[in-house]
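Undergrad:
Numbering (the working numbering), first residue to last: 307 to 535.
1. According to DSSP, what are the bridge partners of residue 532?
2. At what residues does the beta strand (DSSP E) containing residue 433 begin and finish?
3. Quick one, are the C-beta atoms of residue 453 and residue 366 less than 8 Å apart?
4. Would you check if there are 3 or more beta carbon pairs closer than 8 Å linking the stretch 508-517 to the stretch 428-444?
5. How many angstroms separate the CA atom of residue 519 from the CA atom of residue 314?
6. Go ahead and label residue 309 buried or exposed: buried means 16 or more other beta carbons lie within 10 angstroms of its beta carbon, across all protein chains shown.
7. Classify residue 477: buried if its beta carbon has 16 or more other beta carbons within 10 angstroms, exposed otherwise.
8. Counting pairs of beta carbons, one from the stretch 338-354 and one from the stretch 367-377, are three or more of them closer than 8 Å?
9. Inspect the beta-carbon positions of residue 505 and residue 442 and report whether they are closer than 8 Å.
10. Take residue 321 and list the residues in its own chain whose beta-carbon comes closer than 6 Å to its own, dropping the five residues that flank it on each side.
11. Taking the straight line between their C-alpha atoms, what separation do you get for residue 449 and residue 475?
12. Cutting at 7 Å between CB atoms, please list the residues of its own chain near residue 345, excluding the five before and the five after it.
13. What are the boundary residues of the beta strand (DSSP E) that includes residue 477?
14. Going by the beta-carbon positions, is the gap between residue 481 and residue 461 smaller than 8 Å?
15. Quickly, what does DSSP pair residue 369 with across the bridge? List them, please.
16. Tell me the rounded alpha-carbon separation between residue 399 and residue 502.
17. What are the boundary residues of the beta strand (DSSP E) that includes residue 422?
18. If you check the beta carbons only, do residue 467 and residue 533 fall under 8 Å apart?
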């Protein structure tokens with residue numbers, strides 16, 4: 307999966323490098339056949355790279371599904387988000403200006419899932435994993451467009467991530483940035499998570515980090531649903 311993801315990103319970067327050339331050629335159009343042909347060639351090359359990128363992305367997503375079925379865990383890239391842009395561009399005859407706009411739009415939308423954000427937090431040890439599933443099912447019944455927000459940790463958050471993967475619920479994972487923030491990383495992560503302004507927070511028993519999240523959520527007026535499990 308990592309190899310396919312790496313190739314997808316490499317082709318994505320190669321296509322991005324052509325965008326300045328496309329913009330320059332778009333501005334340089336003077337009605338002559340030479341300029342028009344130059345623009346057409348670069349546009350075709352950029353589209354070819356994007357089509358190849360999409361093919362590798364589809365293979366990556368299929369491999370990620372196989373990984374989940376085999377291991378029971380959701381595959382995650384070493385860096386960044388696991389998003390899928392495939393299928394957003396359907397026209398094979400798009401012009402240069404529309405192509406650039408569509409490419410940027412699809413990149414943005416892939417990282418901005420639409421829906422009601424619901425956060426969940428808790429510790430590594432959970433006595434009743436079914437309680438996590440039940441609480442998430444209840445939240446989704448109330449918010450059918452629910453987007454799950456969590457910290458990507460073990461225990462409660464891992465159970466929640468598997469639930470989301472199984473049920474096709476989009477996720478936003480806010481992991482601590484240890485390299486940048488050191489020991490304060492989990493608490494800074496809590497700030498980043500709450501800056502997303504989730505509709506509410508489902509809080510299972512956990513460490514002081516979970517309690518910090520609960521306290522900050524209440525200070526922001528974000529409803530907190532505490533669960534004893």
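Where is the CB? At the ideal position from N, CA and C, for every residue including glycine.
TA: Taking the definition as stated:
1. BP columns for residue 532 point to 509.
2. No beta strand (DSSP E) holds residue 433; DSSP gives it neither H nor E.
3. Not in contact: residue 453 and residue 366 (Cβ atoms no closer than 8 Å).
4. With the cut-off at 8 Å, the stretch 508-517 and the stretch 428-444 touch.
5. Straight-line spacing of the CA atoms in residue 519 and residue 314 works out to 35 Å.
6. Residue burial annotation: residue 309 is exposed, with fewer than 16 other C-beta atoms found within 10 angstroms of its C-beta.
7. Using a 10 angstroms sphere on the CB of residue 477, the tally of other CB atoms reaches 16 or more, which defines it as buried.
8. Of all C-beta pairs linking the stretch 338-354 to the stretch 367-377, fewer than three are shorter than 8 Å, placing the two stretches out of contact.
9. Taking 8 Å as the Cβ cut-off, residue 505 and residue 442 do not qualify as a contacting pair.
10. Once the five neighbours on either side are set aside, the close Cβ partners of residue 321 are 352, 355 and 356.
11. So the alpha carbons of these two residues sit roughly 11 Å apart.
12. Within the same chain, residue 345 has close Cβ partners 331, 332, 335 and 402.
13. DSSP places residue 477 inside the beta strand (DSSP E), whose first and last residues are 477-479.
14. Not a contact, by the Cβ cut-off of 8 Å.
15. In DSSP, residue 369 forms no bridge with anything.
16. Because residue 399 sits at a pLDDT of 28, beneath the cut-off of 50, its placement in the model cannot be relied upon, and the following sentence gives the value as read from the coordinates. Approximately 38 Å between the Cα atoms of the pair.
17. Taken as a continuous stretch (DSSP letters only), the beta strand (DSSP E) holding residue 422 covers 422-427.
18. Not a contact, by the Cβ cut-off of 8 Å.
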